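Student:
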Amino acid sequence: MKSLLENTAVAHLLRSHRPGTERLRVLSASGQLGFGIVKESFERGLLRRPHFIGCDMGSIDPGPYYLGSGQMAAPHEMVRRDLEMVLRAARELNVPLIIGSAGTAGAKPHLEATLALLREVAEANEWSFRVATIGSDVPRNVLIKARAEGRLKALDESETSFHLSLPADQVMKDASHIVAQCGSHTFIQALQSMPDVLIAGRSCDTAIFAALPQMLGYDPALSLHMAKIIECTSLCCVPGGRDAILAELGETDFILESLNPNAHATPASVAAHALYEQADPWVVEEPEGTLDLHQAHYTAVDEHRTQVSGAQWRPRALPTFKVEGALRVGSRAVLFAGVADPTMVEQMPSALEEVSRRVHQLLPGAWTIVSHLYGQGAVRELPEAQRSSHEIGLVIEFLAPDAGMAKTAASVFKQNLLHFGFTGRLTTGGNLAFAFTPSEIDANDCYRFVLYHVMEGVRADELFVIEAHDWNFQGVPA
Amino acid sequence: MTMPALPLAHLASVIRSKNAGPLCVTIDLFFRDTQAYERAVQSEALKAPSIAFHYGLHASQIRRFELPRIMAIKLSMPRAVCAGDPGDGDLYGAQQHAPLLRLML
């Protein structure tokens, strides 16, 4: 049994690696752990003897449902597969494994579900190791106090961003999950418990890859710039992809190399990656400061690898934390149908209004509809001339306090719209074309983001909970 | 002599949109060569007032970045609703580039 902390993977790395002797080899295995790590490229990375392995597992991109419900976006079976692949490699090489934004949204149930799968894998293989965790759930009283004291603010107060208003105290109490993104500082605190594996709740993607280098004494700007690029694995290459990527960090630059021999990190492709999902291509805000890419420099090492240098780091005196929260709106049922009658298409908005009125008389209650008329500007508003008249797709959401009411409203609405007698109607057989039955479907709970703000004047240890545990499954077959 | 106008889709190799967080959408335009990039940078069609018009916004709501080294222009703007709110039709903001495809530069 490995009980001595000096033998753990993090302890070993901190003891054995010195910047300036050899480059630090950082292997980014996945930007979305749980959707299938590409085995060939990951194994090619292992042959390079990485000093540590990192994976990003989460994002706010899949929408408020995952944060709100506590569910993972990735399927459990695939998460287990990916976890086993990276954990096996990390244990065999005795190098740290760092996973950020566990379980998609990084709230308590996501972290717990990820740890449960990690434990299953460890038990099945009879592995023993030390696990550190970071909980990212924000205590409601801390949030309410911050709001009262004017320390909870819009992320961007300018008119170039949608203005999400500050939620009322009651909304912050009612929100199902509220998390903050922890940064490198919190990862460093967790890594000081000398684990083999670190699983963090909601975190900055950069912290996964930038914390250990900073502990080793590497330049924060270089560490963070490297982290910002490799958290998306080989997306910065041409062609972009999901293959693992290797970064070799030195004292004045880092070198990027996709582990797919056909995906090339070129100066242009790496520089272009700075634009991806960033409103401002020059500036990356971190809890502890600002990463400035104006002076970043990209040079080809060869046709496959690019060397990067020049980013600058401006630390801020007090940290700021991005806060995300989701509130349940209600239950959702969805109705799918097609319409091919031009007169019905033309009258659809008023038909929906009238049918809604009638169904509300039949089924009183706090249910509402949200309609998406595909072919008429459901994706974005369309000019009149571009709207389809010969065929449209109808997706109608029914939002209600409970699933029973949502489904009932959808069913009754469907039948009333099917036989609605619109003006000029010739087609008395029915107004809707169904592709399958039932054409109204339960669609889980509906959530919305109520918080995507920044909190100031709070210490990291008021928000993030660090724990470390020794897992010992040697000789204990599951 | 003025050059005949060309559609953006012929000058650019990438025309993409994506959320930059749930409150903003950002559009990246990568051009085929320096000539195409220079034409795009000069064109009124890609300046804030024109972009604002196509997205139903005010010019002051558009942020435009020019990146000559990689021959790219970035346009960032507010989303109409927060991503994933009931009524949002494009959770990832990945299909908001469409009105630009036909722009003549």
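Chains as they are written, first to last, in the working numbering: chain Y, 44 to 521; chain Z, 1326 to 1430. The beta carbon of each residue, even a glycine, is placed where N, CA and C say it ideally should be. These figures come from a predicted structure and were not determined experimentally.
Using the DSSP secondary-structure output, state which residues sit across from VAL1366 of chain Z in a beta bridge.
Tutor: Along the second sequence, read from residue 1 onward, the residue named residue 1366 of chain Z stands at position 41. Under DSSP, VAL1366 of chain Z shares a beta bridge with no residue.
Student: I'd like to know whether the C-beta atoms of ALA145 of chain Y and MET215 of chain Y end up nearer to each other than 7 Å.
Tutor: Position 102 of the first sequence, counted from the start, is the residue given in the question as residue 145 of chain Y. Position 172 of the first sequence, counted from the start, is the residue given in the question as residue 215 of chain Y. Result no, Cβ atoms of ALA145 of chain Y and MET215 of chain Y do not sit closer than 7 Å.
Student: Reducing DSSP to helix, strand and coil, say where LYS45 of chain Y ends up.
Tutor: As a working mapping, residue 45 of chain Y is identified with position 2 in the first sequence. Any answer about LYS45 of chain Y is weak, because its pLDDT of 46 lies below 50 and its placement is not dependable; what the coordinates show is given next. Looking at LYS45 of chain Y - three-state DSSP - the assignment turns out to be coil, as it is neither helix nor strand.
Student: Distance cutoff 7 Å, beta carbons only. Does THR157 of chain Y sit that close to anything in chain Z?
Tutor: In the first sequence, residue 157 of chain Y corresponds to position 114, counting from 1. Taking 7 Å as the threshold, the shortest C-beta distance from THR157 of chain Y to chain Z does not fall below it.
Student: For a contact meaning CB atoms closer than 7 Å, what does PRO324 of chain Y contact in chain Z?
Tutor: Sequence index remark: in the first sequence, residue 324 of chain Y carries index 281 (1-based). The contacting residues are PHE1390, LEU1392 and LYS1399.
Student: Interface residues of chain Z around HIS415 of chain Y at Cβ under 9 Å?
Tutor: Counting from 1 along the first sequence, the entry for residue 415 of chain Y is found at position 372. Neighbours of HIS415 of chain Y on chain Z, chain order: GLY1412 and GLY1414.
Student: Tell me whether ASP262 of chain Y sits in a helix, a strand or coil according to DSSP, three-state version.
Tutor: To locate residue 262 of chain Y, count along the first sequence from 1; it is residue 219. Note: ASP262 of chain Y maps to coil in three-state DSSP.
Student: Alpha carbon to alpha carbon, how far is PRO1329 of chain Z from ALA1365 of chain Z?
Tutor: Residue numbering aside, residue 1329 of chain Z sits at position 4 when the second sequence is read from its first letter. Residue numbering aside, residue 1365 of chain Z sits at position 40 when the second sequence is read from its first letter. One C-alpha to the other measures close to 13 Å.
Student: Could you please give me the residues that DSSP links to ASP579 of chain Y through a beta bridge?
Tutor: With chain Y covering 44 to 521 only, the question about residue 579 of chain Y has no answer from this structure.
Student: State yes or no: is the C-beta of LYS271 of chain Y within less than 7 Å of the C-beta of THR249 of chain Y?
Tutor: Locating residue 271 of chain Y in the first sequence gives position 228, where the first residue counts as 1. Locating residue 249 of chain Y in the first sequence gives position 206, where the first residue counts as 1. Contact flag set, yes.
Student: Per the contact definition of three or more C-beta pairs closer than 8 Å, is the stretch 111 to 118 of chain Y in contact with the stretch 317 to 334 of chain Y?
Tutor: no
Student: For HIS268 of chain Y, is the classification buried or exposed, using 16 other Cβ atoms within 10 angstroms of its Cβ as the cut-off for buried?
Tutor: In the first sequence, residue 268 of chain Y corresponds to position 225, counting from 1. Burial call: buried.
Student: Give every residue of the same chain whose Cβ lies closer than 7 Å to the Cβ of THR276 of chain Y, excluding the five residues on either side of it in the sequence, and list them in chain order.
Tutor: Here residue 276 of chain Y refers to the residue found at position 233 when the first sequence is read from its first residue. Here the set comprises SER71, SER73, GLY74, ARG285, ASP286, ALA287 and ILE288.
Student: Hey, could you find the ends of the alpha helix (DSSP H) LYS38 of chain Y is sitting in?
Tutor: A query on residue 38 of chain Y cannot be resolved here, the shown segment of chain Y reaching from 44 to 521 and no further.
Student: Anything in chain Y within Cβ reach of THR1351 of chain Z, meaning under 8 Å, just list it in chain order.
Tutor: In the second sequence, the residue the question calls residue 1351 of chain Z occupies position 26. Result: LEU318, GLU320, GLN321 and ALA322.
Student: Does any C-beta atom of chain Y lie closer than 7 Å to the C-beta of GLN1420 of chain Z?
Tutor: Against the second sequence, residue 1420 of chain Z aligns to sequence position 95. So yes, GLN1420 of chain Z belongs to the interface.
Student: Count the other CB atoms, across all protein chains shown, that sit within 10 Å of the CB of MET44 of chain Y; report buried if there are 16 or more and exposed otherwise.
Tutor: Residue mapping note: residue 44 of chain Y aligns to position 1 of the first sequence, counting from 1. Residue placement at MET44 of chain Y is poorly supported in this model, since its pLDDT is 44, which falls under 50; the coordinates are not used for a value here.
Student: Which residue or residues does DSSP assign as beta-bridge partners of SER1401 of chain Z?
Tutor: Stepping through the second sequence from its first residue, residue 1401 of chain Z is reached at position 76. Beta-bridge pairing links SER1401 of chain Z to Z:THR1351 and Z:ARG1388.
Student: For LYS1372 of chain Z, name the three-state secondary structure that DSSP assigns.
Tutor: Taking the first residue of the second sequence as 1, we reach residue 1372 of chain Z at position 47. Here LYS1372 of chain Z sits in coil by DSSP.
Student: When you compare the CB of HIS512 of chain Y with every CB in chain Z, is at least one pair closer than 7 Å?
Tutor: Walking along the first sequence from the start, residue 512 of chain Y turns up at place 469. Cβ-Cβ to chain Z under 7 Å: no for HIS512 of chain Y.
Student: DSSP three-state call for PHE1356 of chain Z: helix, strand or coil?
Tutor: Counting from 1 along the second sequence, the entry for residue 1356 of chain Z is found at position 31. It is a strand residue.
Student: Under the DSSP definition of a beta bridge, which residues are partnered with CYS489 of chain Y?
Tutor: Taking the first residue of the first sequence as position 1, residue 489 of chain Y is located at position 446. DSSP output for CYS489 of chain Y lists Y:GLY373 as bridge partner(s).
Student: Do you know offhand how far GLU300 of chain Y's Cα is from ARG348 of chain Y's?
Tutor: Position 257 of the first sequence, counted from the start, is the residue given in the question as residue 300 of chain Y. Position 305 of the first sequence, counted from the start, is the residue given in the question as residue 348 of chain Y. Their backbone Cα atoms lie some 5 Å apart in a straight line.
Student: By the 10 Å Cβ neighbour count, where 16 or more other Cβ atoms means buried, how is GLU49 of chain Y classified, buried or exposed?
Tutor: Translated into the one-based positions of the first sequence, residue 49 of chain Y becomes position 6. Classification for GLU49 of chain Y: exposed.
Student: Which chain Y residues are close to PHE1292 of chain Z, counting only those with a beta carbon under 7 Å from its beta carbon?
Tutor: No statement about residue 1292 of chain Z is possible, as the shown extent of chain Z runs from 1326 to 1430 and does not include it.
Student: With DSSP as the reference, label HIS268 of chain Y as helix, strand or coil.
Tutor: As a first step, residue 268 of chain Y is located in the first sequence; it is residue number 225 there, counting from the start. Here HIS268 of chain Y sits in helix by DSSP.
Student: Could you compute how far the alpha carbon of GLN1373 of chain Z sits from the alpha carbon of PRO407 of chain Y?
Tutor: As a position in the second sequence, residue 1373 of chain Z is number 48, starting the count at 1. As a position in the first sequence, residue 407 of chain Y is number 364, starting the count at 1. Checking the sequence, you will find Ala at residue 1373 of chain Z rather than Gln. Each residue's alpha carbon lies about 47 Å from the other.
Student: Going along chain Y in order, which residues have a C-beta closer than 8 Å to the C-beta of MET1402 of chain Z?
Tutor: Position 77 of the second sequence holds residue 1402 of chain Z. Those within 8 Å of MET1402 of chain Z in chain Y are THR203.
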